[in-house]
Amino acid sequence: MSLSRRSFLLTAGLLGAAGSSVLTACGSGGTGGAGDGTELAFWYWAGAISDTVVEDVAAATSGATITPSVIGGDFKQKLTTTLSAGQSVPDITGVKGEDIASFLTQADAFLDLNELGAKDIASTFSAAKYAAATTKEGKQIGLPIDLGPTATYYREDSFAAAGLPTDPAAAGEAVATWDGWFDAARKVKAATGAASVRNSTDIFAVALAQQPSTFVDADGTWAGESDAVKKSWDLAVQSHTDGVSGAVFDGTGYNQALAAGTIVGHVGPAWFGLDIASGAPDTSGKWRVTQCPDGPANIGGSFLTLTTTCRNPQVAFEYIKTLLSAENAAKSFTDASVFPATLAAYDLPALTAGQEFYGGQATIEVFGPAAQALPTVYDDPNNAAIAAPYYTELSNVEGGKDATAAWNDAVSAAKQIAQRAGVQ
Amino acid sequence: MTLTAPSGAAGPGAAAASAGRGRKKRLIRPARTGGSQQRLGPVYLAITPFFALFGVFVLVPVVFSIWLSFQKYSVLGGIGGSEFVGLRNFEFLVQDATFRRAIVNSLLIWVLGTFPMLAMALVVAAMINSVTKLKSFYRLAYFLPNVTSIVAVTLFFGALFSEQFGLINQALEGLGLSGVPWLTDPWAMKVVVATLITWQWCGYNAILYLAGMQAIPGEVYEAAALDGAGPVRQFWSITLPLLRPVVLFTTVISTITTLQTFTEPQVLFGSNTAVNPNSGGPGQGALTMVLYFYQQAFNNNDYGYGAAIAMGVFAVVLVFVVINFRLARTGDDR
């Protein structure tokens, strides 16, 4: 508004001219499609996988020069834009777990890794996570990098104060079901006044992940009012009504609550441990993990894919295969806390060692079996958009809104989003 | 994106265009009397860059987004892969409770962020107008916020209003008051966004008012002073009535800008979770119309519906601009 129209347009024109020349420059290098190209561009985001592993394996790969780039900002948006523009498309790219379902509907943009030999190594990965990148027709568009097997996080001192067993195995029996977890959380609340989860949406997310399908059935029909969704919703609301939810929705507030000891537990994926550890380093040694109520589920975890325009599929496939070998996956775990989807990595010292933050507990004893037992679920491409109103309304419930009214509002808003997306 | 460009240019653009037309006439007439049509060549050449850029950066995106709003757009299928759905996107839009919430949020932010800001700008302008020393310094100081990066300023304000460690809550607690949950209470969130808008646009509007004030002839004030009018009476009876065109202009421009608030809520409440990005913070308290458009178009990749929302935003903004215009006009006729 402060610019005059003329100077604005002049600047825009100059930028536009500069931009288009840059685009053409990249475009000529970005798309080849030959099959024996000597240059490969690799896109991933910070923390997706160990940077050292990415660099080292790239240096050791012969046949093509691999140029890894860490892409900041909204990764999915940038990848989508590039794919639809068809210019400067990376040859190898990461895809986030929550986005894989929508990219499965655009499977034409990716190579079938089965044709490059993925079939032979399929059994080395978590079966449920591997299946999440398989289309209905059996095309494999990605190899899983990591997983988020869920577990119960608790503080040993809080469980002791509440008269609960503190040993992970015994505590696991106490929280083996949701009823058991709520019972334990209420005891912790009574004894210490502290909450056992960040907010109710965490419970919702875990309970949803345990369902074979959620908002949309595998045959594409609307299921936003199904028992699976309602049960998860009710558990989330219970965490609010029982007073065991911390009702904290912002990062700074959460770190503060962890440090002050007003939130002393969590139910969530393996990678969430890093959030707790970095949010409240002073609580190191007090935390433990044990099994997830009602059994493990998976939240998050990413993939490596090859695009259709990949200039050298053979070399690219060898590259991602090597990145995800047990040794390299274990290195990624050490460097970037990426919990491997490669099962053989669980036996390596990097993962079997006791962890200081958890008082020396070897957390792999909880996450390892959980990762092997993950249920295979149907994740509809529209789930992410349809889920949004439920999360919004749960935060409203924690703000004092009536739970029944919130449920009705969530369902009607979600139904509309589903209709718009073509779900019947 | 198509939103900001056309309406951002609409206010001053309209003025510039009419001014341009006037100038063109004056240039053309002497050319005709000279009898040579060839002299028009350089004139058209001179105005071509503007219209070429206008076409590429304004007209094409606007037409494209109108077309988009009638489509179910396929992200990777592109233009060929999308499907005509008639008015379906608009049917959804009128039934969309979230869009209604976004309209209400935007209107509240508009009220909170425009009228106190314009009143303050007027006071600031009157003060700058009356200082004798360092006038340029004050002008620059008040204008500076307007040319500062909104994202940087928003991050700074986010820290100021932070609930546990923020300067504002610490000051409140220091005074014995209780802290306000600035970033989680739906009302306080709107106040924060409105404060940011005020901070950024107050100086800009003050400069416009100042220019208007300096255009008022000194004799009018001298005459009023002779008649015994004090500074306050002079302000109400001379400055304000003579500033009416400027007030109209600033109100219209501020309405257009504020109803399209996006950056502030996007940065403050944008991506706190991966599952529900850009939902406008707790209780969707800061979900503005344009943020909702952005979320649907760029987070959910529903470009067709996003374009329909953009049309909805255009309609809402138009209604309020017309209302503003009418109100100020009536005052003029009196």
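Chains as they are written, first to last, in the working numbering: chain U, 261 to 684; chain H, 44 to 377. Heads up, the beta-carbon is just placed ideally off N, CA and C, and yes, glycines get one too.
Rounded separation between residue i and residue j - CA only
i      : j      : result
H:V290 : H:D139 : 35 Å
U:G528 : H:T306 : 32 Å
U:D502 : H:N343 : 34 Å
U:A673 : U:T481 : 16 Å
U:W441 : U:G525 : 11 Å
U:S288 : U:I580 : Legend: pLDDT at U:S288 = 36, less than 50; position of this residue unreliable, no value from coordinates given.
H:P308 : H:Y335 : 11 Å
U:D669 : H:A231 : 23 Å
U:G292 : U:D443 : Caution is warranted here: a pLDDT of 41 is assigned to U:G292, below 50, making its placement in the model unreliable, and the coordinate value is therefore given only provisionally. C-alpha separation (whole angstroms): 60 Å.
U:E358 : H:T300 : 34 Å
U:L375 : H:S125 : At residue 375 of chain U the sequence reads Glu, which differs from the Leu that was named. Cα to Cα, U:E375 sits roughly 30 Å from H:S125.
U:T583 : H:A184 : At residue 583 of chain U the sequence reads Leu, which differs from the Thr that was named. Roughly 54 Å between the two C-alpha positions.
H:I366 : U:L403 : 57 Å
U:P600 : U:G561 : 9 Å
U:L608 : U:I381 : 19 Å
U:K338 : H:P320 : 15 Å
H:F32  : U:V683 : Since the first residue of chain H shown is 44 and the last is 377, residue 32 of chain H is not available in this structure.
H:Y28  : H:I352 : For chain H, the structure presents residues 44 to 377; residue 28 of chain H sits outside this window and is missing.
Listed by chain order, chain H residues near residue i by CB distance under 9 Å
i      : result
U:F370 : Those do not exist, as U:F370 stays about 11 Å from chain H at its closest Cβ, beyond 9 Å.
U:Q471 : Per Cβ cutoff of 9 Å: no residues; U:Q471 is ~15 Å from chain H at best.
U:Q516 : E206, Q207 and F208
7 Å Cβ cut-off: residues of chain U touching residue i
i      : result
H:T141 : A673
H:N325 : Note that residue 325 of chain H is Pro in the sequence shown here, rather than Asn. The contacting residues are F509, S655 and G659.
H:S108 : Here the premise fails: no neighbours, minimum Cβ distance about 16 Å.
H:E206 : G513
H:S322 : A648 and T652
H:T227 : F509 and D510
H:N344 : T340
Option nearest residue i by Cα separation, candidates the options
i      : options                           : result
H:S173 : H:G156, H:Y264 and H:G328         : H:Y264
H:S117 : H:V310, H:Y346 and H:A351         : H:Y346
U:L654 : U:A465, U:Y304 and U:D372         : U:A465
U:F363 : U:I331, U:L566 and U:K581         : U:L566
H:S280 : H:A267, H:F292 and H:P288         : H:A267
U:V504 : U:A451, U:T325 and U:T340         : U:A451
H:F8   : H:A350, H:G328, H:C245 and H:V356 : With chain H covering 44 to 377 only, the question about residue 8 of chain H has no answer from this structure.
H:A169 : H:P288, H:M256 and H:Y348         : H:M256
U:C570 : U:D372, U:T340 and U:K449         : U:D372
H:N358 : H:W153, H:F97, H:M332 and H:Y337  : The sequence shown places Ala at residue 358 of chain H, rather than the Asn named in the question. Per the Cα distances, H:M332.
H:G313 : U:P541, U:G511 and U:H500         : U:G511
Partners in chain H for residue i, counting only beta-carbon separations shorter than 7 Å
i      : result
U:Q676 : F135, Q138 and D139
U:R571 : Those do not exist, as U:R571 stays about 20 Å from chain H at its closest Cβ, beyond 7 Å.
U:A645 : N343
Amino acids of chain U, ordered along the chain, whose beta-carbon sits closer than 8 Å to that of residue i
i      : result
H:Q213 : Residues of chain U passing the Cβ test: none, with the nearest at roughly 14 Å.
H:R341 : Per the sequence presented here, residue 341 of chain H reads as Phe, with Arg not at that position. Those are D334 and Q337, listed as they occur along chain U.
H:F158 : Simply none; closest approach about 17 Å.
H:Y348 : R680
Neighbourhood of residue i by C-beta, 7 Å cutoff - its chain only, sequence neighbours within 5 removed
i      : result
U:M261 : For U:M261, the predicted model reports a pLDDT of 41, less than 50, meaning its position is unreliable; a value from the coordinates is still stated below. So no residue of the chain qualifies.
U:S597 : W531 and L534
U:I326 : L300, F302, A318 and Y579
H:L370 : none
U:I309 : I405, L583, S592, A596 and V598
U:D417 : K546
U:A586 : T602, A604, A605 and L608
H:F186 : G246, Y247 and I250
Same chain, Cβ closer than 8 Å to residue i, five either side skipped, listed in chain order
i      : result
U:N643 : A361, T474, F475 and V476
H:Q243 : P188, N189, T191, I193 and V196
H:L151 : K233
U:T342 : S348, V349 and P350
H:V360 : S50, T298, I299, L302 and Q303
U:I677 : N642, A645, I646, A648 and P649
U:S544 : A537, E616 and F617
Close beta carbons around residue i, own chain, < 6 Å, minus the five adjacent residues each side
i      : result
H:G209 : L203
H:V223 : A231
U:A631 : S386, L407 and P409
U:A692 : An answer regarding residue 692 of chain U cannot be provided, because it is not within the stretch 261 to 684 covered by chain U.
U:V304 : Sequence check: residue 304 of chain U is Tyr here, not Val. Result list for U:Y304: G354, in chain order.
U:V637 : P472
Open item on the list: For the stretch 425-434 of chain U against the stretch 382-390 of chain U, do three or more pairs of beta-carbon atoms, one drawn from each stretch, fall closer than 8 Å, so that the two count as touching?
Closed with: no
TODO: Flag this pair as touching only if the stretch 616-636 of chain U and the stretch 649-663 of chain U have three or more C-beta atom pairs under 8 Å; answer yes or no.
DONE: no
Task: Segment contact, 8 Å Cβ cut-off, at least three pairs: the stretch 322-330 of chain H with the stretch 128-148 of chain H - done: yes
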